[in-house]
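In this note's numbering, the protein residues as written are 828 to 1021.
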């Protein structure tokens, strides 16, 4: 008679399911909570670490940096399912049109197990600011130039448009690129027709 000692090697298998699919829209400065469940389909109590990895497909001159924290759970029983989440905050300077491929890499201790991929698309925000400080808004009846600085606060290059009330005013504007914004404009030659 021979006694044989047989030991099963741990099988580090996991299933990860995203609660809301794998496509998300996000705005600059917005925090997105991605909820998911993960199930230990292996053959032993196990630990799991989910590591987010970003692959960025920038639009235009976008060079924003994206980060998120690792997430871990310890002592998950065989066939047990646990709920987890990942918090992702879009940088405030990211441009509309930038696409982010977020890969959730699964590790059991230091052993790479598998991954799940999702996509974040940066949506458009709009906004403009007119700076009237140090501007005299009283126009000489014979006409005069008036310069207004218009700052673009959105995340996609757009041309501003102006509407005016009343007849007899000629308005022109010129484009200039500014380093602090996507596009800056200034308006001059506001002149009342005589």
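Beta carbons are placed, not taken as given, at the ideal position from N, Cα and C, and that holds for glycine.
Quiz item: CA-CA distance, residue 941 and residue 932?
Solution: For the purposes of this step, residue 941 is taken as the residue at position 114 of the chain shown. For the purposes of this step, residue 932 is taken as the residue at position 105 of the chain shown. Looking at the two C-alpha atoms, the distance is approximately 6 Å.
Q | Beta-carbon proximity check, residue 962 vs residue 973, cutoff 8 Å | A | The count along the chain shown starts at 1 and reaches residue 962 at position 135. The count along the chain shown starts at 1 and reaches residue 973 at position 146. A contact, by the Cβ cut-off of 8 Å.
May I ask you to list the residues that DSSP assigns as paired with residue 844? Taking the chain shown and counting its residues from 1, the one referred to as residue 844 is at position 17. As computed with DSSP, residue 844 is found in a beta bridge with 864.
For residue 898, which residues in the same chain have their Cβ closer than 8 Å to its Cβ, ignoring the five residues on either side in sequence? Locating residue 898 in the chain shown gives position 71, where the first residue counts as 1. Closer than 8 Å at Cβ, skipping near neighbours: 876, 877, 911, 912, 913.
- How big is the Cα-Cα spacing for residue 1011 and residue 982? Numbered from 1 along the chain shown, position 184 holds the residue referred to as residue 1011. Numbered from 1 along the chain shown, position 155 holds the residue referred to as residue 982. Its pLDDT being 44, under 50, residue 1011 is placed unreliably in this model, and the coordinates cannot settle the point.
Going by Cα to Cα distance, which pick from 915, 975, 984 is closest to residue 851? Taking the chain shown and counting its residues from 1, the one referred to as residue 851 is at position 24. Among 915, 975, 984, the Cα nearest to that of residue 851 is on 915.
message = Only counting the same chain, and skipping five residues up and downstream in sequence, which positions put a Cβ closer than 7 Å to that of residue 952?
response = Taking the chain shown and counting its residues from 1, one reaches residue 952 at position 125. Take residue 952, set aside five residues on each side of it, and the residues of its chain with a beta-carbon closer than 7 Å to its own are 854, 855, 981, 982, in chain order.
Using 8 Å as the Cβ pair cut-off and three pairs as the minimum, do the region 882 to 900 and the region 838 to 851 touch?
no
ask   = Once you ignore the five residues that flank residue 959 on each side, which residues in its own chain have a CB closer than 8 Å to its CB?
value = As a first step, residue 959 is located in the chain shown; it is residue number 132 there, counting from the start. If we look at residue 959 and ignore the five residues flanking it on each side, its Cβ neighbours are 975.
By DSSP, does residue 885 sit in helix, in strand, or in coil? Position 58 of the chain shown holds residue 885. Coil at residue 885, not helix or strand.
**Asked** Of the choices 833, 863, 839, 831, whose alpha-carbon is the least far from that of residue 937?
**Response** As a working note, residue 937 is residue 110 in the chain shown. The candidate whose alpha carbon is nearest that of residue 937 is 839.
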